[in-house]
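Numbering (the numbering used here), first residue to last: 468 to 1128.
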């Protein structure tokens, strides 16, 4: 056990850090830091200990060496086969407000082990922790952030050498399962395939693949990537690949980093190879892996600069490009069936990504309630049981003028059927015209409603910079509202599932709509990434303009209330709304993770007979092709929200008759 006096607010820690380095050099041998050997074999001579049930905090990686050091620390994060949370400081060198919100809402205030090369960092972090009422970092739990530091800790079965950052990503799950400390040195695995085979020798075949680009530290390092296009600079997020090590160890996953751009393909039509060679190379490796070890989940860990989305010519308007992640999930010759669920980890920086995974993997440890300060009619401070609370937003023009009000109202009944409460926000003076018992929220502040919900369901207009458009609520003057990207910057969300069935609320790359020629979206103003920074576990949205099913209510209402009609005819993006929430709320055992719910939705849509089996690989410019191509999951695709897996729905209005899957 480690302990000791906490750092004072003004005490410099340069001496402590330097002493730690000296102790490493003398006690453990310089070979652990520099990758050397004694007697031809790496030797394990630990000198440091960690507290029980600890968590880790590290500096923001300012160099590639610090990226390597943090990746090697994954072995400490999973020492003994147990998960120890990881928080990476913000680029400012301190914990961000979003990270402090998360730490202050965890049920367990864990001892903190801090890895830093900055002498003032421990005092600064402790001041932040103290301000939140959290336990400080102790003197003896501060260590230098250097490659090899993991091998100085007691608790491992031995050490394993890796030559570079890329190999450390491959090795992370194997090191976890053999309880080996990762240190720099000679190669253990010459290829990623050797690392995959090593996992199989342990009897591990998890069905999970993690894809990363080890060159994503900076725009300068990105230029090492084969076929890299400088046009992609504008949508770059640094260091996100670091999360691949943690995800791979957590899921015992196969890691793919080494791919070769392809010059041709036989499985997809109408692709501009100059724009898709890198994506095709990644996809080919996934197909090869799937042939050996069938995949259930694929996590793309990085920005669209590091790991490109497919850019598919629609076959309609000249130059009309559609961005797609979903195509990575088609892994055999049947192009009308999605084989694996796909999700992407993307944030503006790696500290935000670490916060997202912290909330995802400590979902059960997050506080049961969050405090929401309502401003208007409801008034005052309320404690929301967010795991059991949903928020449904119906945009004005889409839902009522175009007769698509049923999805946003019926999910409220489905929330109640699952044992949840809900807020329903619908248009002023029209919200209660359907006699289904749904009650409008009296709250005028939509951002606060989002901050109290474990589930956010939106049906309406969207753009690359905002969402929840055209919502009228019972507030002053029945004013219209929207949630702008800038509003998201002041929000702190619980680890919720947010699904925006709207245009462009999943945009992370490329051209925006509505101009000829289309102009690029403004990266720092993207709704998708600003909402993700606010802290949900997962966001799902469309990368392009999505198409609504005008007159949906004319089909869904009779199917709900007339006994001789059982086909709701959910179609276009109303079908996506219906199918995803159906998986999450009503079929949680088979389709209750967000990745599986989205995969099921994709397959249901493609195989709904009236749609004539549209498939992403066969662009035709028709509405149905768009709808099966551009919905994207941003988060760990295996994330499962708080719905009882064994529950059976008493209410399930989300099906399209006997031919529905």
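No residue lacks a Cβ here, since even glycine has one placed at the ideal position from N, Cα and C.
Run the CB neighbour count on residue i, radius 10 Å, all protein chains shown included, and call it buried at 16 or more, exposed below.
i: residue 1128; result: exposed
i: residue 549; result: exposed
i: residue 848; result: exposed
i: residue 896; result: Any reading at residue 896 must be qualified, since the residue scores a pLDDT of 42, below 50, and its modelled position is unreliable; no value is offered.
i: residue 1015; result: buried
i: residue 822; result: buried
i: residue 479; result: Confidence at residue 479 is low in this model, with a pLDDT of 37, below 50, so its placement is unreliable and no value can be given for it.
i: residue 912; result: buried
i: residue 1136; result: This structure leaves residue 1136 out entirely; the chain is present only between 468 and 1128.
i: residue 953; result: exposed
Keeping to the same chain, check which residues put their C-beta closer than 7 Å to that of residue i; ignore five residues upstream and five downstream.
i: residue 681; result: 632, 633, 636, 708 and 724
i: residue 490; result: Residue placement at residue 490 is flagged as unreliable, the pLDDT there being 45, under the threshold of 50; the coordinate-derived value follows with that caveat. Taken in chain order, the residues that qualify are 514.
i: residue 671; result: 644 and 719
i: residue 887; result: 855, 856 and 857
i: residue 695; result: 689
i: residue 1059; result: 1050, 1051, 1107, 1110 and 1112
i: residue 871; result: 865, 926, 1015, 1016, 1019, 1020 and 1041
What residues match up with residue i in a beta bridge as DSSP calls it?
i: residue 875; result: Answer is none; residue 875 lacks a bridge partner.
i: residue 780; result: 788
i: residue 628; result: 650
i: residue 519; result: Looking at the DSSP assignment, residue 519 forms no beta bridge with any residue, so it has no partner.
i: residue 951; result: 933
i: residue 811; result: 767 and 1101
i: residue 925; result: 860 and 967
i: residue 721; result: 676
i: residue 833; result: 573
i: residue 524; result: 554 and 581
i: residue 1029; result: Partner(s): none; residue 1029 has no beta bridge.
Give the single residue among the options whose Cα lies nearest to the Cα of residue i.
i: residue 1119; options: 1101, 958, 914 and 880; result: 880
i: residue 995; options: 1098, 867, 1080 and 794; result: 1098
i: residue 566; options: 962, 1054 and 780; result: 962
i: residue 703; options: 710, 976 and 653; result: 976
i: residue 1061; options: 701, 809 and 830; result: 809
i: residue 778; options: 699, 601 and 889; result: 699
i: residue 626; options: 575, 706 and 541; result: 541
i: residue 829; options: 534, 1122 and 552; result: 552
i: residue 763; options: 1041, 973, 605 and 674; result: 674
i: residue 991; options: 1103, 951 and 679; result: 951
i: residue 581; options: 557, 595, 525 and 596; result: 525
i: residue 1084; options: 835, 795 and 1114; result: 795
Among the residues of its own chain, which have a CB less than 6 Å from the CB of residue i, if the five just before and after it don't count?
i: residue 715; result: 639, 640, 677 and 722
i: residue 578; result: 518 and 521
i: residue 854; result: 921 and 1109
i: residue 1111; result: none
i: residue 487; result: Residue placement at residue 487 is poorly supported in this model, since its pLDDT is 49, which falls under 50; the coordinates are not used for a value here.
i: residue 1066; result: 805 and 808
i: residue 648; result: 542, 617, 618, 623 and 626
i: residue 545; result: 643 and 716
What separation, rounded to the nearest whole angstrom, lies between the Cα atoms of residue i and residue j?
i: residue 1124; j: residue 598; result: 56 Å
i: residue 752; j: residue 768; result: 15 Å
i: residue 1051; j: residue 967; result: 15 Å
i: residue 1077; j: residue 949; result: 35 Å
i: residue 1037; j: residue 866; result: 14 Å
i: residue 655; j: residue 1002; result: 37 Å
i: residue 756; j: residue 772; result: 23 Å
i: residue 1075; j: residue 1046; result: 12 Å
i: residue 510; j: residue 1105; result: 37 Å
i: residue 623; j: residue 592; result: 28 Å
i: residue 805; j: residue 1068; result: 10 Å
i: residue 588; j: residue 937; result: 45 Å
i: residue 492; j: residue 615; result: Because residue 492 sits at a pLDDT of 41, beneath the cut-off of 50, its placement in the model cannot be relied upon, and the following sentence gives the value as read from the coordinates. Cα-Cα distance, rounded: 11 Å.
i: residue 534; j: residue 527; result: 9 Å
i: residue 607; j: residue 765; result: 39 Å
i: residue 665; j: residue 586; result: 40 Å
i: residue 543; j: residue 595; result: 25 Å
i: residue 726; j: residue 875; result: 43 Å
i: residue 684; j: residue 691; result: 11 Å
i: residue 1011; j: residue 1053; result: 28 Å
i: residue 662; j: residue 646; result: 15 Å
i: residue 811; j: residue 1031; result: 42 Å
i: residue 1029; j: residue 1035; result: 11 Å
i: residue 679; j: residue 711; result: 6 Å
Under a CB-based cut-off of 8 Å, is residue i close to chain B?
i: residue 1071; result: The displayed structure is made up of one protein chain only, and chain B is not part of it.
Tell me which residues share the same chain as residue i and place their Cβ nearer than 8 Å to its Cβ, disregarding the 5 neighbours each side in the sequence.
i: residue 915; result: 839, 840, 841 and 842
i: residue 1000; result: 565, 814, 815, 819, 955 and 956
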